[in-house]
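Data first, discussion second: the structure below is written as structure tokens.
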């Protein structure tokens with residue numbers, strides 16, 4: 276299966292377990308790998324036979340800016356479910372949600388969760 280990768284989708288959201296995270300919000304970054312058979316689109320040069328990257332980004336942004344959740348694990352699951360539900364040509368999706376400014380008293384670059392979900 277071929278992979279369409281969209282890396283570093285950035286948006287602001289109010290997700291997190293701490294009250295300050297919910298109130299103040301923070302930046303999140305999402306990368307997605309969409310498993311798609313790109314041969315039909317490549318053979319015909321037809322956008323309708325693949326995924327529109329802008330539509331994928333809008334779908335991810337809607338989840339990032341939408342209803343707050345406590346866990347980035349939940350956010351990743353919601354993004355994966357929406358992508359699989361919205362784009363029929365996507366057979367599986369890998370979603371990585373990164374929280375670069377997690378309020379943890381430690382020296383680290385970022386915290387992220389990476390999941391893979393398949394169409395059933």
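Residue numbers (my numbering): 276 to 395. Glycine included, every Cβ here is placed at the ideal spot set by N, Cα and C. Source: prediction; values computed, not measured.
* Same chain, Cβ closer than 7 angstroms to residue 283, five either side skipped, listed in chain order -> Looking up residue 283 in the chain shown gives position 8. These residues qualify, in order along the chain: 304, 306.
* Asked: When the Cα atoms are used, what is the spatial distance from residue 316 to residue 278?
  -> Counting from one through the chain shown, the residue named residue 316 turns up at place 41. Counting from one through the chain shown, the residue named residue 278 turns up at place 3. Taking the straight line joining both Cα atoms gives about 13 angstroms.
* Asked: Given 8 angstroms as the limit, is there contact between the region 311–328 and the region 343–352, that is, 3 or more CB pairs closer than that?
  -> no
* To do: Evaluate the contact criterion for the region 325–333 versus the region 380–389: three or more CB pairs, one atom per stretch, below 8 angstroms.
  => no
* **Per-residue burial, residue 362 [other beta carbons within 10 Å of its own, 16 or more giving buried]** => Here the question's residue 362 lines up with position 87 in the chain shown. So residue 362 counts as buried.
* Asked: Could you give the distance in angstroms between the alpha-carbon of residue 364 and the alpha-carbon of residue 337?
  -> As a position in the chain shown, residue 364 is number 89, starting the count at 1. As a position in the chain shown, residue 337 is number 62, starting the count at 1. Using only the alpha carbons, I get a separation of about 20 angstroms.
* Residues in its own chain within less than 8 angstroms of residue 295 by CB, not counting five upstream and five downstream? -> Position 20 of the chain shown, counting from 1, holds the residue named residue 295. Only 378 meet the Cβ criterion.
* **Segment limits, alpha helix (DSSP H) that includes residue 442** => Any answer about residue 442 is impossible in this case: the structure gives the chain only from 276 up to 395.
* Compare the Cα-Cα distances from residue 285 to each of 380, 360, 334, 352 and report the closest residue. => Within the chain shown, residue 285 is the residue found at index 10, counting from 1. The shortest Cα separation from residue 285 among 380, 360, 334, 352 belongs to 334.
* To do: Report buried or exposed for residue 288, applying the criterion of at least 16 other Cβ atoms within 10 angstroms of its Cβ.
  => In the chain shown, counting from the first residue as 1, residue 288 sits at position 13. Per the 10 Å Cβ criterion, buried.
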